[in-house]
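What follows is a short report on a single structure.
There are 2 protein chains.
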Amino acid sequence: MPSPESSASLMSGVSELLILKLLATREMYGYELARTIRLLTSDGIVVGESVLYPTLHLLEKRGLIRSRKKAVEGRTRVYYVATAKGKRRLEGLTDQWQRIFKGVESILAGPQGA
Amino acid sequence: MPSPESSASLMSGVSELLILKLLATREMYGYELARTIRLLTSDGIVVGESVLYPTLHLLEKRGLIRSRKKAVEGRTRVYYVATAKGKRRLEGLTDQWQRIFKGVESILAGPQGA
DNA sequence: CTGGCATACCTCGCAGCGCGAGGTATAATG
DNA sequence: CATTATACCTCGCGCTGCGAGGTATGCCAG
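Residue numbers (my numbering), protein chains in the order written: chain A, 17 to 130; chain B, 17 to 130.
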């Protein structure tokens, strides 16, 4: 066991959902995404860079997000934004999330009452 | 892409959480666990047998659940129940679930309002 | 100007987990 | 006797997380 106390397993797929959601709202670059997720969740969810960048590349390869390079003060930032296909995928993922979330809650809350 | 439309990735770790929760409440056998989870979540969450049994073996190996064989009408059922260690683990997993759940909800609900 | 830090991007490789496919055995039903 | 439901199990692929490591730039302190 490397670190069974980490929240690793429960995080799966969540990164894709959150990234798609944010990129469906506004154009952002990688580093900004990581910071924003940490901020909005009060450090509850931290998407590391070794999760972030491979995910972004995969999403782009699948046509769910689009990128463009933008030079800001000498630095080259890669900005991403969700495509129409990405927004459709987001809806699907959100539905799945709601279904799983409701299922988990009903079991976590239920058995002692029923 | 094998099946990007499946809820596979979002399910990660959830099986362990639900199984531990149920076995912390009452003693159950494998097949019963699968049926119960399907029932309580109205088919929202389906834990297949190829997920269920390896998970049960792993949990037992880690000392989080305990098993005993019981013969019921010629059939041999393997009943499981959560150990004290398993219940502690359940608390930790539940906390992590709450943290992730709150984080996801705040991003899914937030950005358009803020 | 040099060292350190924050920003900003990226990859490699291991390990964990889901899950389709397949396998075994028993009891009941047609 | 064949099929279905119960009940248990494994193999192997493939996706994903993530720690560790790498590159390059701008900025500030010493």
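All C-beta atoms in this analysis are idealised placements derived from N, C-alpha and C, irrespective of residue type, glycine included.
Under 8 Å between C-beta atoms of residue i and residue j
i                      : j                      : result
residue 109 of chain A : residue 48 of chain A  : no
residue 100 of chain B : residue 81 of chain B  : no
residue 123 of chain A : residue 75 of chain A  : no
residue 55 of chain A  : residue 126 of chain B : no
Start and end residues, beta strand (DSSP E) containing residue i
i                     : result
residue 94 of chain B : 91 to 98
Residue from the options with nearest C-alpha to residue i
i                      : options                 : result
residue 92 of chain A  : A/34, A/39, A/46        : A/46
residue 60 of chain A  : B/115, B/76, B/50       : B/115
residue 50 of chain B  : B/43, B/38, B/63        : B/63
residue 102 of chain B : B/71, B/70, B/79, B/54  : B/79
residue 138 of chain A : A/68, A/118, A/58       : Residue coverage of chain A in this structure runs from 17 to 130, which leaves residue 138 of chain A outside it and unanswerable.
residue 29 of chain A  : A/77, A/105, A/94       : A/105
residue 111 of chain B : A/94, A/38, A/121       : A/121
residue 41 of chain B  : B/88, B/65, B/72, B/96  : B/96
residue 72 of chain A  : A/125, A/58, A/39, A/90 : A/39
residue 84 of chain A  : A/94, A/58, A/77        : A/94
Jot down the residue ranges of each uninterrupted alpha helix (DSSP H) in the region 38 to 114 of chain A, minimum 4 residues, whole runs only, in chain order.
46 to 56, 65 to 77
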